[in-house]
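Protein chains in written order, with full-length UniProt numbering: chain V, 1 to 222; chain R, 1 to 222.
Protein chains: 2
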Amino acid sequence: MVPRIPVSVDLVVLTVRFQALCALVWRRDKPPYEGRWALSGGFIHLDEDLPAAAERILAERAGLPGAPVHLEQLQTYGYPDRDPRQRVLSVAYLGLAPDLPASTEAHMSWQPVSSLLREMAFDHRRIMVDGIERARGKLEYTPLGAAFCPPEFTVAELRRVYEIVWGRVLDPRNFHRKVTKAEGFLVPTGDTTTRDGGRPAKLYRRGPATMLHPPMLRSLKD
Amino acid sequence: MVPRIPVSVDLVVLTVRFQALCALVWRRDKPPYEGRWALSGGFIHLDEDLPAAAERILAERAGLPGAPVHLEQLQTYGYPDRDPRQRVLSVAYLGLAPDLPASTEAHMSWQPVSSLLREMAFDHRRIMVDGIERARGKLEYTPLGAAFCPPEFTVAELRRVYEIVWGRVLDPRNFHRKVTKAEGFLVPTGDTTTRDGGRPAKLYRRGPATMLHPPMLRSLKD
DNA sequence: CAAATAGTGTCTGTGAGACAGTATGTC
DNA sequence: GACATACTGTCTCACAGACACTATTTG
């Protein structure tokens, strides 16, 4: 007969926080991988669509109900031994979130990804690394860098997102020119803020564009 | 209890053939969707990794054992009603192949994708369209256009691949300059061919590059 | 005033698009 | 020879990177 397999949805939720790229994780308190960090995840229900399952797990397990998180399917991980208890197929979703408080009730916390690389359960390191690489690419050819920002943000705040996700410093003047000239990327609100000090900076919201032409290529250096 | 779901792997295998982008499909001979075209697919075995399942289905169901087909995971499709008989989760793989003979034994045939858009079973049209879009993007920033070519090919043959996949004519001289200058894309074999008529064209193999810097952007027109 | 950050302008090199011209095969 | 295709070269415009300068706030 046809083999049936348990299917879970795991979330790589990323944010930029305290000058670092962070992922939303929880610390496992029982075997296997006791004490290691794990992504939020859960089994899909029998009559549940995959995007609906991802939304449900974002709300229930990740503790971010209704939060403005961009969710997209990342990849599916299925080699038989990835969970030592039983075979589980995992459909991973990538989430890009602004700097929200982590839910203590759900026992979730934001941890810098650099500190997680050696401390994760199952194959969650691999899933997280794939998610980070996807996010880096998305910043090149979509306006999704703004998904890491609050609803209204300055060009400098957006630039710091790019710098932290790409791990490279960008020229503020050239960056400003690129993002303000990109069609549909930023919409000025008319307001300004001085929360970063210095001269008041204009505030923007995300524009209607879904793709950037031309893309914001990270240079070929390094 | 944990719900268990049948999981299949479906293949979107594409090639360029007779001046058209074609997909490898078979015609269903029983309900549901009798008479419609379908992608090759099959259920994964209990102890089988996903890439291994994709290779097996390429060999057994698609009738292309050992063929030089570039396979990569595309996306996972899981809404509950996609198969009217029972819920099946489908992990789709994208395959890029040179112009190989389709296996009559496996009842497969190459059909132009333009003729398939209204004639496919299940959600296979959606899966195929996603695969085509992925292939179009891959041609921009990877050297995978060569995966549609025989082991040795000319610049003009590669250009026709790009033209057909992107659905747009390209300037032969600018294309030649771009691909021959792209580091690691093409390796000259030293031989030439006159199979296209006219002056003999140099033959190339795929080079070691996995990414193109800078990418071969399709222009923003249309 | 100094200090800090925001924003504009200019120069330069690279590369894409457009297109002319030359090279080398077949018939 | 005509013809077909391969390949090289040149011009121009757009844009990315580098960097100087001005603008507007706080203390």
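Note that beta-carbon positions come from the ideal geometry of N, C-alpha and C, so glycine has one too.
Residues of chain V with CB under 8 Å from residue i, in chain order?
i	result
residue 43 (chain R)	2, 3
residue 194 (chain R)	Those within 8 Å of residue 194 (chain R) in chain V number zero; the least Cβ separation is about 37 Å.
residue 179 (chain R)	The premise fails here: residue 179 (chain R) is roughly 17 Å from chain V at the closest Cβ pair, so nothing lies under 8 Å.
Can you list the residues of chain R that residue i reaches, using a CB-CB cut of under 7 Å?
i	result
residue 142 (chain V)	By Cβ distance, chain R contributes nothing, its closest Cβ being about 12 Å from residue 142 (chain V), past 7 Å.
residue 111 (chain V)	Ordered by position in chain R, no residue passes the 7 Å Cβ test against residue 111 (chain V), which lies about 27 Å from the chain.
residue 172 (chain V)	Under the 7 Å cutoff, chain R gives no residues; its nearest Cβ is about 23 Å from residue 172 (chain V).
residue 101 (chain V)	Near residue 101 (chain V) there are no residues of chain R at all, since even the closest Cβ is about 31 Å away, more than 7 Å.
Near residue i, which residues of its chain fall below 6 Å by C-beta distance, leaving aside the five closest residues on each side in sequence?
i	result
residue 146 (chain V)	206
residue 28 (chain V)	34, 36, 38, 121
residue 80 (chain R)	87
Can you give the Cα-Cα distance for residue i and residue j, rounded to whole angstroms?
i	j	result
residue 5 (chain V)	residue 127 (chain R)	22 Å
residue 187 (chain R)	residue 1 (chain R)	56 Å
residue 161 (chain R)	residue 173 (chain R)	15 Å
residue 197 (chain V)	residue 54 (chain R)	55 Å
residue 10 (chain V)	residue 176 (chain R)	44 Å
residue 153 (chain V)	residue 134 (chain R)	32 Å
residue 99 (chain R)	residue 120 (chain R)	22 Å
residue 46 (chain V)	residue 157 (chain R)	48 Å
residue 208 (chain V)	residue 218 (chain R)	22 Å
residue 222 (chain V)	residue 96 (chain V)	Note that residue 222 (chain V) has pLDDT 44, beneath the 50 cutoff, so the model's placement of it is unreliable and the number below is only indicative. If you take the alpha carbons of residue 222 (chain V) and residue 96 (chain V), they lie about 25 Å apart.
residue 220 (chain V)	residue 195 (chain V)	Note that residue 220 (chain V) scores a pLDDT of 49, beneath 50, so its modelled location is shaky and nothing firm can be said.
Check for me: the beta strand (DSSP E) holding residue i runs from which residue to which?
i	result
residue 70 (chain R)	70-77
residue 202 (chain V)	201-206
Enumerate in chain order the residues of its own chain whose CB-to-CB distance from residue i is below 8 Å, with the five nearest sequence positions on each side excluded.
i	result
residue 7 (chain R)	43, 44, 88, 89, 90, 91
residue 116 (chain R)	23, 25, 37, 125, 128
residue 20 (chain V)	112, 113, 114, 164
Could you tell me which chain R residues have their CB closer than 9 Å to the CB of residue i, listed as they occur along the chain?
i	result
residue 50 (chain V)	76, 77, 78, 79, 89
residue 129 (chain V)	Here the premise fails: no neighbours, minimum Cβ distance about 16 Å.
residue 6 (chain V)	2, 3, 4, 5
Excluding the 5 residues flanking residue i on each side, which residues of the same chain have their C-beta closer than 7 Å to its C-beta?
i	result
residue 83 (chain V)	122
residue 212 (chain V)	141, 142, 143, 182, 185
residue 178 (chain V)	216
residue 170 (chain R)	159, 162, 163
List the residues of chain R that residue i touches, going by C-beta distances under 8 Å, in chain order.
i	result
residue 10 (chain V)	Correct list: empty, because the minimum Cβ distance to chain R is about 12 Å.
residue 73 (chain V)	75, 76
residue 32 (chain V)	None at all; the shortest Cβ gap to chain R is about 16 Å.
residue 208 (chain V)	Correct list: empty, because the minimum Cβ distance to chain R is about 16 Å.
Suppose contacts are defined by Cβ-Cβ distances below 8 Å. Is residue i in contact with residue j by that definition?
i	j	result
residue 64 (chain R)	residue 58 (chain R)	yes
residue 192 (chain V)	residue 203 (chain V)	yes
residue 110 (chain R)	residue 180 (chain R)	no
residue 73 (chain R)	residue 73 (chain V)	no
residue 67 (chain R)	residue 40 (chain R)	no
residue 94 (chain V)	residue 131 (chain V)	yes
Taking C-beta pairs closer than 7 Å, name the residues in chain V that residue i reaches, listed in chain order.
i	result
residue 47 (chain R)	80
May I ask which residues mark the beginning and end of the alpha helix (DSSP H) holding residue i?
i	result
residue 191 (chain R)	Note, residue 191 (chain R): premise wrong, no alpha helix (DSSP H); beta strand (DSSP E) at 186-193.
residue 115 (chain R)	113-116
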